[in-house]
Amino acid sequence: MEVCGGHTMAIHQFGIRQMLPPTIKLLSGPGCPVCVTSRIYIDKAIRIGQMKDVIITTYGDLIRVPGSSSSLERERGNGMDVRMVYSAMDAVVIARENPTRQVVFLGIGFETTAPASAITIIEAKKSGLVNFSLLSAHKVMPPVMQQLIHEGIRINGYIAPGHVSAITGTRMYQPIVENFHIPVVVSGFEAADILHSILLLVRQVESGTPRVEVQYKRVVKSEGNTIAQERMRQVFSPADEPWRGFGVIPESGLRIRKAFSTFDADLRFPLKMKESPEPKGCICGNILKGLQAPADCRLFAKKCTPDDPVGACMVSSEGACAAAYKYAT
Amino acid sequence: MIRTDKILLKHGSGGKSMATLVHEIFMRYFDNSILSEKTDAARIDVPNQKLVFTTDAFVVDPIFFPGGDIGKLAVCGTVNDLAVTGAKPLFLSASFIIEEGFPVTDLIRVVKSMAKASAEAGVKIVAGDTKVVHKGKCDKIFISTSGIGTIGLKQIPIATGKRMKPGDHIIVTGYVGDHGTAVMAAREGFNMQIRVRSDCAPLNHMIQRLLKAGIDITFMRDATRGGVATVLGEAVEGKSLGISVNEQKVPCRSAVRGFCELLGFDPLYIANEGKAVIIVRPGDALKALHVLRKDQYGRLAADIGTITRNNPGRVILQTQTGSQRYLDMLSGDQLPRIC
Amino acid sequence: MCLGVPAKVISVDGNMAGVEIGGVTYQARIDLLDEVLPGDYVILHAGFAIEKVDEAEAAETIRLFKEVLSMEDQEKDID
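Residue numbers (the numbering used here), protein chains in the order written: chain P, 1 to 329; chain A, 1001 to 1339; chain W, 2001 to 2079.
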C-alpha cells in the first residue's frame, strides 16, 4: 500500500500497475491530505468564512471538497472571500495587507507541510500580527498506517511517503516493522523510483526479515530534517484528530500549542459543530482504507464525478477516485 | 475631447460624452470605411459564399499579461474560431462593458492592441457598443465579440470531423500551455517569475496557406481553455474513432513544464491562444508540417499521434514510461495541489 | 503531502533563496535548512525548501536507473 497522494498520482500517471505481475497488487491508502479532511472541518471553515470581514486562505484543491452541505468553492460563488495561496506565508502577506480583516489559513497537510505552517505561525507571533490565525487539520502518518493494519487490511508492505519522510526521518516507521513484521520502503516519485521501491519490498518479503529501508536516498536521511522537526514541536502538539472515513484516530493530528494559542483559529472562532452522516452510497471511507476500489462505489462516475464530487476521494486530483477516473484503463 | 483620465458612467449613457469616447478612441483606432459611415448597423458586402458566424466573450484577468492583453485576445480568439473551420475571417464586432473608474489610458491601450491584431489578421471591426457600469459591477473591462467569415464548400466538413479516418495524423502547431501559464503566473498570489509569454496570435493566414497547399484537413480546432487534451477529446467524442497520442512528441517549453510541476498541473490541459490541433490525411502529414514550420506561428509544429479504430470516443496517451492511460477532458479548472 | 519539486538555488538572501525550476524562478523560504548555497538543489514544497538533494546519491540513482534501462533493452533479468 502507498499512503501518499504524490505516489497515488505517480502510479496512475506512469501506469505502474500495468507493469506489475498479477502477483503484486497495489493498494491506494489515505495519502491525500485533502481527501482525509473531515467534513466538520470544511463546515467550520465555511462558518468562519461567513463571518464579517473574514478572508479564508487555503491551498488550491481544498476549495472543492464537499462539507455537509456546501464547499468553499460554492460559498465563494455566494460572495465569501476565499483565496487560493501557494504557500502559508502568502496568507500572512494577505493579513498584513488587510489589517482590518481577519485572515484565516486552512492548515491541512501531513508532516511535509506542517513545518511551513509552524514557521508561519512563529513569524506571525514575532511580528505581532493580530489578524492572522490558522485552523489546523494537520495530520501525521504513523498512527493511520498502524490503524489500517489494526482494521485487518491485508498489507504485505508499505511504500512510505517520500517527502513526509524527508522531514520526519525514518525511525517513526520502526514500530510498524516491529509490531506487524512488514517491510517499509521510503520511495521517490519517479516511475523508476516506485518500481525500485516495489522491488525492494518484494525482496524483503521474500527474505522474511522486514525492516525500514530508504529508496529515496537522494532526499531522505534517516534522521530527517531536524530543524523542521524542532519547529513542528515548538508550535504543535499531538492531538486526537478526525480522519474522513476513519473517524477519530488518537494522537494523529497536530494542534497549536498554548504558547501560540492566539493564532489558533479554533480558539479565535469558537464554534459548536454538529456531526452529520456521510452521504448515502459514499464509500470514501473504505476506499481511503484500500478496502474497496473506486469501481466498487455505485456513485463512481455516475453521481460522483470530478465535476460534481460527492466524496473527497473524487475532489483532489490525487484522490483514489479522481486518479482512477482520469487515468483508468 | 476626453478630459477625464477615468471612464465614467456618462461615457456609456448614449449622450455627448459617449459620442466623444467612441469618436476619439474606437473610431480612431479601428478606422475603416464601414465604421466611419456611423450607422447603427454595419452594411457589409460579402462574396457570394457560405458564411461562418461566431461569438465570444473575454473577461480575462489580469487584462494585461506578458505577450498580450484582453483586446488582442478578443480579436485573435474570434479570428481563430472562424479560421479553424477553414473559413476566411472578414468582419468583427466588439462590445465593451467597462467598469466606472477604468483608466482611459488602459482603454486606449486595449483598443490600440485590437487595431493592431485586426490589421495583422486582415479583418475589420465594423460594429461595436459601449456600456459603462457602476464600480464593482464588472471587473475592469469585458469584451464581447462576433465574427463573420466565408467558407468554401470543400472546407465545410473540417469543423465536424466527419471525414476523419483511422490513420489520420494529428498535428499540434507548437508549444502547448504558454498562454495559461503566462496568465496564471501574472496573477497575484503566485509570486513566480516566469519568462513565458502568451502565445496569443491570429492563425488565419497560416491555415489558409495550408489549405492553399492542398493539405487534406479532416478536423481542426484551436486549443483554448481546457488545452490540447480537451480538443482531442472533442474530436472523437461520440464517434467510432479513437485517438492515440505520444506524450513525448507534444512540444512544451521547459519553463511551462517547470511551472506545471510546481503546482501539479498537466500542460496538456493548460489554455492556449495561438495553437491549433490539425488532423490531416497520412499522406499530407509531412507536407503540412513543412508548410506550418515556415510560418512564425507554426515553427514548432509537431506530429503527435493518430486517429485509431480502437477505444472509440477516447484518447489514449502513450506515456514516457511506455505505458498507456486515458486522457480525458478537463472537468473544471485544474487546481494547484500540494501533494 | 508530497508535491515537492527539485529546484536549483540561484541566489541566497537571509531566509530567502531564489530557486529555479526549468525557467521559472521563485523566492523560497529556506528557514528549514541549515546552509543553502547557490548551486545546491532543494526540494520545494508549498513555498519552502524542505530538504537538499544529495548530489552524490542523485548521481547514483541516475546510474542505477540507466543500468536498469539498458538491461531492459538487452532483455536480461533484473536481479
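All residues carry an ideal CB built from backbone N, CA and C; glycine is no exception.
Counting only C-beta atoms, is residue i closer than 8 Å to chain A at any point?
| i | result |
| --- | --- |
| W:ALA2046 | yes |
| P:GLY67 | no |
| P:ARG64 | yes |
| P:TYR41 | no |
| W:LEU2003 | yes |
| P:GLN18 | yes |
| P:LYS326 | yes |
| P:GLY107 | no |
| P:ALA191 | yes |
Name the DSSP bridge partner or partners of residue i?
| i | result |
| --- | --- |
| W:HIS2045 | W:PHE2048 |
| A:LEU1262 | Per DSSP, none; premise fails for A:LEU1262. |
| A:ASN1246 | A:GLN1318 |
| A:ASP1129 | A:SER1095 |
To which residues of the same chain is residue i closer than 7 Å at the C-beta, ignoring the five residues directly before and after it?
| i | result |
| --- | --- |
| P:ASN156 | ILE182 and VAL205 |
| P:LYS274 | none |
| A:GLY1115 | What sits at residue 1115 of chain A in the sequence shown is Ala, not Gly. So the qualifying residues of the chain are TYR1029 and PHE1030. |
| P:LEU267 | SER261 |
| A:ILE1025 | LEU1107, ILE1108 and VAL1111 |
| A:VAL1231 | ARG1221, ALA1223 and VAL1277 |
| P:ILE94 | ILE55, THR57, ARG83 and VAL103 |
| P:MET145 | VAL3, TYR158 and ILE176 |
| A:ASN1032 | LYS1124 and VAL1126 |
| P:PRO115 | ILE167, ALA228, ARG231 and MET232 |
For residue i, I'd like the list of residues in its chain whose CB is within less than 6 Å of its CB, leaving aside the five on either flank, ordered along the chain.
| i | result |
| --- | --- |
| P:THR329 | Per-residue confidence for P:THR329 stands at a pLDDT of 45, beneath the threshold of 50, marking its modelled position as unreliable; the derived number appears in the next sentence. Around P:THR329: no qualifying Cβ. |
| A:ALA1057 | SER1144 |
| A:ASP1081 | THR1054 |
| A:ILE1316 | SER1244 and GLN1324 |
Helix, strand or coil, according to DSSP, for residue i in the structure here?
| i | result |
| --- | --- |
| P:ALA10 | helix |
| P:PHE269 | coil |
| P:LYS289 | coil |
| A:THR1306 | strand |
| P:GLN102 | strand |
| A:VAL1172 | strand |
| P:TYR216 | coil |
| P:GLU151 | coil |
| W:ASP2077 | Bear in mind that a pLDDT of 44 at W:ASP2077, under 50, signals an unreliable position, so the model cannot answer this. |
| P:PHE260 | helix |
| A:ILE1270 | coil |
| P:ALA239 | strand |
| P:VAL51 | Residue 51 of chain P is actually Met in this sequence, not Val. Coil. |
| A:GLY1012 | helix |
| A:ALA1087 | coil |
| A:ASP1005 | coil |
Alpha carbon to alpha carbon, how far is residue i from residue j?
| i | j | result |
| --- | --- | --- |
| A:SER1036 | A:THR1145 | 19 Å |
| P:LYS217 | P:LEU200 | 13 Å |
| A:ALA1127 | A:GLU1273 | 24 Å |
| W:LEU2032 | P:PRO242 | 28 Å |
| W:ALA2028 | A:ILE1171 | 38 Å |
| W:VAL2019 | W:ILE2010 | 5 Å |
| P:GLN50 | P:SER38 | 19 Å |
| P:TYR86 | P:PHE132 | 17 Å |
| A:ARG1209 | A:PRO1062 | 33 Å |
| A:ARG1225 | A:VAL1079 | 16 Å |
| P:VAL202 | A:CYS1252 | 37 Å |
| A:GLY1180 | W:VAL2024 | 14 Å |
| P:HIS150 | P:THR209 | 21 Å |
Counting contacts by CB-CB distance shorter than 8 Å, is residue i in contact with chain W?
| i | result |
| --- | --- |
| P:GLY319 | no |
| A:LEU1335 | no |
| A:SER1254 | yes |
| A:ARG1293 | no |
| A:GLU1247 | no |
| A:GLU1261 | yes |
| A:ILE1270 | no |
Determine whether the Cβ of residue i lies closer than 8 Å to any Cβ atom of chain P.
| i | result |
| --- | --- |
| A:VAL1191 | Strictly speaking, residue 1191 of chain A in this sequence is Asn, with Val absent from that position. Yes - at least one Cβ of chain P is within 8 Å of the one on A:ASN1191. |
| W:LEU2037 | no |
| A:THR1319 | yes |
CB-CB under 8 Å to residue i, same chain, minus the five flanking residues each way: which ones, in chain order?
| i | result |
| --- | --- |
| P:ILE48 | VAL54, ILE56, VAL104, LEU135, ALA265, PHE269 and LEU271 |
| P:GLN292 | ILE283 and ASN286 |
| A:GLY1238 | GLY1313 |
Given the structure, does residue i come close to the ligand GTP, in the sense that its CB is under 7 Å from one of the ligand's heavy atoms?
| i | result |
| --- | --- |
| P:GLN50 | For the structure depicted, the ligand GTP is absent and the ligand set is empty, with no information on it obtainable. |
**Interface residues of the stretch 2015 to 2036 of chain W facing chain B [CB-CB below 8 Å]** = The structure shown contains no chain B; its protein chains are P, A and W.
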